[in-house]
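This report refers to the structure that appears directly beneath it.
Residue numbers (my numbering): -19 to 121.
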């Protein structure tokens, strides 16, 4: 399989008390992704319902896996399962290194995504029944 790998994640912080800790780890993960071999580009989205999205494009699956299993990202993952009530991920391969649109990423998440195990899942977690929410902020990384 050839092409560029797109990874989209969605994580909803279950309580405002976890938000500062989440944001600290998110900043560390951003620093890691920016210096990761094989990272081509990405974007972040913060919705008004405390949901945080990432979208990234990678040279190949091996580059993405090296990021996910190493450094700040690896250290953050065990904590996320405690701090979130909704979390999901989706990946696909495309011919272009361009970032997809947010509507495409959200539709792919609904159609092809999979829930990430959590210690305190909310009622919409397993079925990826996340509510449509207006973005509070969207940025390129």
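We put the CB at the ideal spot given by N, CA and C, even for glycine. All values reported here derive from a predicted model rather than from experimental measurement.
- Please determine if the segment 54 to 65 and the segment 73 to 85 are in contact, where contact requires at least 3 C-beta pairs separated by less than 8 Å. The segment 54 to 65 is not in contact with the segment 73 to 85.
- Taking C-alpha atoms, which residue in 63, 35 and 59 lies nearest to residue 121? 35
- Query: Looking only at C-alpha atoms, which of -16, 3 and 33 sits nearest to residue 18?
  - Reply: Minimum Cα distance to residue 18 is reached at -16.
- Item | residue 98 and residue 64 closer than 7 Å at C-beta | yes
- Hey, how far is the Cα of residue 31 from the Cα of residue 39? 27 Å
- Task: State the start and end residues of the unbroken beta strand (DSSP E) segment that holds residue 121.
- Result: Element bounds for residue 121: n/a, residue is neither H nor E.
- Message: With H, G and I counted as helix, E and B as strand and the rest as coil, what does DSSP make of residue 87?
- Response: Helix.
- Query: For the segment -3 to 14 against the segment 89 to 105, are there 3 or more C-beta pairs whose distance is under 8 Å?
  - Reply: Contact fails: fewer than three Cβ-Cβ distances are below 8 Å.
- Query: Alpha carbon to alpha carbon, what distance is there between residue 23 and residue 118?
  - Reply: 7 Å
- Query: Distance, Cα to Cα, residue 104 vs residue -8?
  - Reply: 11 Å
- Message: Give me, in chain order, the residues of the same chain whose beta-carbon lies closer than 8 Å to that of residue 115; leave out the 5 immediate sequence neighbours on both sides.
- Response: Closer than 8 Å at Cβ, skipping near neighbours: 25, 26, 27, 28 and 82.
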